[in-house]
Amino acid sequence: MLTAYTYPLLNILWTMLIFLGFFVFIWLLILVFMDIFRSRDMGGGAKALWVIFVIVLPLLGILIYLIARGASMHERAVAQAQAQAQAFDAAVREAAGTTSSADQLAKLADLHSSGVLTDAEFEAEKAKLLS
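Note that the working numbering gives residue 77 to position 77 of the sequence shown, counting from 1, and the numbers run on in steps of one.
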């Protein structure tokens with residue numbers, strides 16, 4: 001039976017600290033691998049060497065990677081977040097900005113009447129909209 005005498009409070013705290021350290025290590029490992037493969041300023045050979053180094057000597061590899069390339073990790077993460085935000089905004093604008101065929105035909109008619117579109121271009125665009 002497990003009692004307070006056989007497993008004291010400090011051992012429980014130490015075990016919790018070990019688990020926390022393990023999860024932090026795994027999280028850092030995932031972040032480093034994501035950054036290695038996200039990085040566009042490294043070639044394939046450099047990426048392969050970093051991956052091998054991190055796999056062979058994980059703790060030392062993570063620490064050296066964070067020291068050597070840690071400052072630019074944030075820049076790459078921000079750039080990816082901005083690209084994702086722009087893609088999301090474009091998708092929302094596309095979904096929200098859909099107009100009816102009648103509106104598009106009215107715009108085509110305005111362009112045709114102002115002389116921007118020729119008769120052939122107008123008919124081709126009108127055929128595309130109506131099909």
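Virtual Cβ for every residue (Gly too), placed ideally from N, Cα, C.
How close, in whole Å, do the beta carbons of residue i and residue j come, if the pair is a contact with beta carbons under 8 Å?
i      : j      : result
SER39  : ARG76  : 6 Å
LEU129 : LEU111 : Their Cβ separation, rounded to whole angstroms, is 13 Å, which puts LEU129 and LEU111 out of contact at 8 Å.
ILE36  : LYS47  : 5 Å
Measuring straight from C-alpha to C-alpha, what distance separates residue i and residue j?
i      : j      : result
LEU66  : VAL32  : 8 Å
LEU17  : TRP27  : 15 Å
PHE22  : ASP89  : 38 Å
TRP14  : MET42  : 40 Å
PHE25  : PRO58  : 9 Å
VAL116 : ALA127 : 18 Å
GLN86  : MET34  : 21 Å
THR6   : ALA91  : 60 Å
PRO8   : GLY45  : 50 Å
ALA120 : SER113 : 13 Å
ILE30  : THR118 : 57 Å
ILE64  : VAL56  : 13 Å
ILE12  : PHE19  : 11 Å
LEU60  : ALA96  : 50 Å
Given residue i, which residues of its chain have a CB within under 6 Å of its CB, disregarding the five upstream and five downstream residues?
i      : result
GLU125 : LEU108
CB-CB under 7 Å to residue i, same chain, minus the five flanking residues each way: which ones, in chain order?
i      : result
PHE122 : LEU108 and HIS112
SER131 : none
### Meets three-Cβ-pair contact criterion under 8 Å: the region 74–82 and the region 47–54
no
Indicate whether the contact test is met: 3 or more Cβ pairs, each with one atom in the region 66–73 and one in the region 99–116, closer than 8 Å.
no
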